[in-house]
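Quick note on numbering: the sequence shown equals residues 7 to 324 in this note's numbering.
Backbone N, C-alpha and C define an ideal beta-carbon position, used for all residues, glycine too.
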Amino acid sequence: MTLSDLGEFGLIERIRARFPAPQRAVGIGDDCAVLPQRDGQESLVSTDMLIEGTHFLRDDITPYQLGWKSAAVNLSDIAAMGGNPTGTLLSLALPADLTVEWIDAFLDGYAAVSAGVPLLGGDTTASPDRICINVTVLGESPSGRGRLRSNAMEGDLICVTGPLGDSAAGLKAILEGVERDADVQALIDRHYLPMPRVEEGLRLAAQAGVHAMMDISDGIGSDLEHILEASGVGAEVAPASLPLSAPLQRVCSRQGWDAAELAVCGGEDYELLFTVDPEAEKALDVPHTVIGRILSGRGLRWLGDARSFSGFDHYRSV
Ligand code: ADP
Ligand code: MG
Numbered sequence: 007m008t009l010s011d012l013g014e015f016g017l018i019e020r021i022r023a024r025f026p027a028p029q030r031a032v033g034i035g036d037d038c039a040v041l042p043q044r045d046g047q048e049s050l051v052s053t054d055m056l057i058e059g060t061h062f063l064r065d066d067i068t069p070y071q072l073g074w075k076s077a078a079v080n081l082s083d084i085a086a087m088g089g090n091p092t093g094t095l096l097s098l099a100l101p102a103d104l105t106v107e108w109i110d111a112f113l114d115g116y117a118a119v120s121a122g123v124p125l126l127g128g129d130t131t132a133s134p135d136r137i138c139i140n141v142t143v144l145g146e147s148p149s150g151r152g153r154l155r156s157n158a159m160e161g162d163l164i165c166v167t168g169p170l171g172d173s174a175a176g177l178k179a180i181l182e183g184v185e186r187d188a189d190v191q192a193l194i195d196r197h198y199l200p201m202p203r204v205e206e207g208l209r210l211a212a213q214a215g216v217h218a219m220m221d222i223s224d225g226i227g228s229d230l231e232h233i234l235e236a237s238g239v240g241a242e243v244a245p246a247s248l249p250l251s252a253p254l255q256r257v258c259s260r261q262g263w264d265a266a267e268l269a270v271c272g273g274e275d276y277e278l279l280f281t282v283d284p285e286a287e288k289a290l291d292v293p294h295t296v297i298g299r300i301l302s303g304r305g306l307r308w309l310g311d312a313r314s315f316s317g318f319d320h321y322r323s324v
C-alpha cells in the first residue's frame with residue numbers, strides 16, 4: 007500500500023491513531039491545536055507548508071504574493087477558531103540563487119498581511135532546488151470561545167463569509183494561460199492574495215449561537231464533510247445558493263467553466279464556513295450567505311443537483 011491508496015486524510019488519521027490528544031486539549035483534526043492555559047485563556051497553534059511546484063509556480067507568483075500567502079493561510083487557521091493571532095514563526099528552505107530583492111519583496115508581502123502580528127522566529131536552510139516555506143502561527147482565545155469543527159448542531163444553518171470558487175478559477179486561469187483581463191486578474195489576486203478573515207472570526211466567535219467553524223482551504227465539498235464527521239451530523243446544501251462573485255460568473259460563462267463545481271470543489275478561498283442557530287443568524291453583524299442546513303443522521307446531500315462533488319486531496323487529486 008502506498009500513500010496514493012491511503013490518501014491525505016487517511017495518512018493524517020494513521021498519525022492521529024498513534025498520538026491521541028492530551029486530556030482537555032484539542033490535537034490533530036481541527037484548524038488549530040487548542041491548549042488550555044491557567045489564566046482562563048486557550049493557546050492556539052497551527053502550521054502550514056508551501057512547496058514550489060505543489061502550491062505555487064516560482065515564475066508566476068511574485069515574491070510579494072508568496073510572502074503574503076504564506077502568512078495568510080496560517081492566520082486563516084487562527085481566524086477559523088475565532089482566535090486572536092499573537093505571533094508567527096517562519097522557516098525557509100531556499101536555493102542559493104534567489105536574489106536579495108526577491109527575499110525583501112517576500113518579507114514585504116509577509117509583513118503586509120501580518121498587520122502587526124509579530125514574527126518571533128523560525129529556521130533557515132539551503133534547499134537544493136525548490137523553495138519550501140513553513141509558517142507556524144500562535145494565537146489565543148478566551149476559554150470556551152474557540153469554535154471547533156465538532157460543535158455543529160441539528161437545525162443549524164450553514165453559512166459562508168464570502169464568495170467561493172474565485173481562487174480555484176484564478177488557478178485554472180494561470181494553468182490554462184487564459185488572457186488576463188480585469189476579471190481574470192481579480193480571480194488570480196484572490197488565489198495569490200487571500201485575505202484571512204480574522205476580524206470576522208473574532209466577531210462570529212463572540213456570538214453564542216455560532217457553533218462550529220473552520221476555514222475553507224480544500225473546498226466546501228471536502229471541508230464541510232470534516233464538520234459533519236467531527237460533529238456526528240448530516241447536512242443538505244443547495245449548490246444554487248453558493249455565493250459567486252461577479253468576475254467568477256463572467257469568466258465562467260465566457261470560458262465555459264462550471265462555476266458551481268469550482269465553488270464546491272475548488273479550495274483556497276479562505277472564507278469561513280460556520281454553523282449557527284437560526285435565531286442567532288438573524289442578529290449576526292458579519293456579512294454571510296446561508297448555503298444549507300445541518301440535519302440529524304449522516305452524510306452531505308446536494309439539493310437539486312445530481313452531480314457528486316468532492317474537494318482537494320493532496321495524494322488523490324488528478
Ligand atoms: P488545515 O487545512 O486547516 O490547515 P489540514 O487539512 O492541513 O488542516 O490538517 C487537518 C488536521 O490534521 C489539522 O489538525 C492538522 O494539524 C493535522 N495534521 C496534518 N498533517 C499532520 C501531520 N503530518 N502530523 C500531525 N498532524 C497533522
Ligand atoms: Mg483550516
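Margin query: Can you find the residues in the same chain that come closer than 6 Å, C-beta to C-beta, to Gly215, ignoring five residues on each side of it along the sequence?
Written below: The residue labelled residue 215 in the question sits at position 209 within the sequence shown. Result list for Gly215: Val282, Asp283, Ala286, in chain order.
Checklist line | Own chain, CB closer than 8 Å to Gln47, minus 5 neighbours either side, in chain order | finding: Counting from one through the sequence shown, the residue named residue 47 turns up at place 41. Within the same chain, Gln47 has close Cβ partners Glu146, Ser147, Pro148, Ser149.
Next item on the list: State buried or exposed for Val119, treating a residue as buried only when at least 16 other CB atoms are found within 10 Å of its CB.
Entry: Position 113 of the sequence shown, counting from 1, holds the residue named residue 119. Buried, by the Cβ-count rule.
Checklist line | CB contact flag (Leu279, Gly240, <8 Å) | finding: By 1-based counting over the sequence shown, the position of residue 279 is 273. By 1-based counting over the sequence shown, the position of residue 240 is 234. In this structure, Gly240 does not lie closer than 8 Å to Leu279 by Cβ.
Margin query: Does Met220 pass the burial test, meaning 16 or more other C-beta atoms within 10 Å, or should it be called exposed?
Written below: Translated into positions along the sequence shown, residue 220 becomes position 214. Classification of Met220: buried, given that the 10 Å Cβ count is 16 or more.
Next item on the list: Quickly, what does DSSP pair Ala99 with across the bridge? List them, please.
Entry: Within the sequence shown, numbered from 1, the residue matching residue 99 stands at position 93. Paired residues: Thr131, Cys138.
Margin query: As a quick check of your reading: which residues have a C-beta less than 6 Å from at least one non-hydrogen atom of the ligand MG, in chain order?
Written below: Asp37, Asp83, Ala86, Met220, Asp221, Ser223
Check: CB of Glu35 to nearest heavy atom of the ligand ADP: below 7 Å?
Finding: For this step, residue 35 is matched to residue 29 along the sequence shown. Per the sequence shown, the amino acid found at residue 35 is Gly instead of Glu. Yes.
Checklist line | Residues bridged to Asn90 [DSSP beta-bridge criterion] | finding: Translated into the one-based positions of the sequence shown, residue 90 becomes position 84. According to DSSP, Asn90 bridges with Glu146.
Margin query: With H, G and I counted as helix, E and B as strand and the rest as coil, what does DSSP make of Cys38?
Written below: By 1-based counting over the sequence shown, the position of residue 38 is 32. Cys38: coil per DSSP, three-state reduction.
Check: Cβ-heavy atom distance between Ile21 and the ligand ADP below 7 Å?
Finding: For the purposes of this step, residue 21 is identified with residue 15 of the sequence shown, where counting begins at 1. Ile21: yes, Cβ under 7 Å from the ligand ADP.
Check: With Thr167 and Glu206 assumed to form a contact (beta carbons below 8 Å), what rounded beta-carbon distance in angstroms separates them?
Finding: Within the sequence shown, numbered from 1, the residue matching residue 167 stands at position 161. Within the sequence shown, numbered from 1, the residue matching residue 206 stands at position 200. Contact flag correct, Cβ pair sits at about 5 Å.
Check: Are the beta-carbon atoms of Ala175 and Leu268 separated by less than 8 Å?
Finding: Here residue 175 corresponds to residue number 169 of the sequence shown, with the count starting at 1. Here residue 268 corresponds to residue number 262 of the sequence shown, with the count starting at 1. Yes; because the gap between Cβ atoms is below 8 Å, this pair is in contact.
Item checked: Distance between Leu113 and Pro202 (C-alpha atoms, nearest Å) -> The residue you call residue 202 lines up with position 196 of the sequence shown. The residue you call residue 113 lines up with position 107 of the sequence shown. Using only the alpha carbons, I get a separation of about 17 Å.
Notebook entry, point to check: Can you tell me whether DSSP reads Gly240 as helix, strand or coil?
Noted result: Along the sequence shown, one-based indexing puts residue 240 at 234. Strand.
Item checked: 8 Å Cβ cutoff met for Ala218 and Ala158 -> Position 212 of the sequence shown holds residue 218. Position 152 of the sequence shown holds residue 158. Yes, the pair counts as a contact, with Cβ atoms nearer than the cut-off.
Notebook entry, point to check: Exposed or buried, Leu277, counting other C-beta atoms within 10 Å across all chains shown (16 or more means buried)?
Noted result: Indexing the sequence shown from 1 puts residue 277 at position 271. The sequence shown places Glu at residue 277, rather than the Leu named in the question. Answer is buried; the Cβ neighbour count reaches 16.
Checklist line | Residue from Asp135, Cys38, Arg151, Asp224 with nearest C-alpha to Leu208 | finding: Within the sequence shown, numbered from 1, the residue matching residue 208 stands at position 202. When only C-alpha atoms are compared, the closest one is Arg151.
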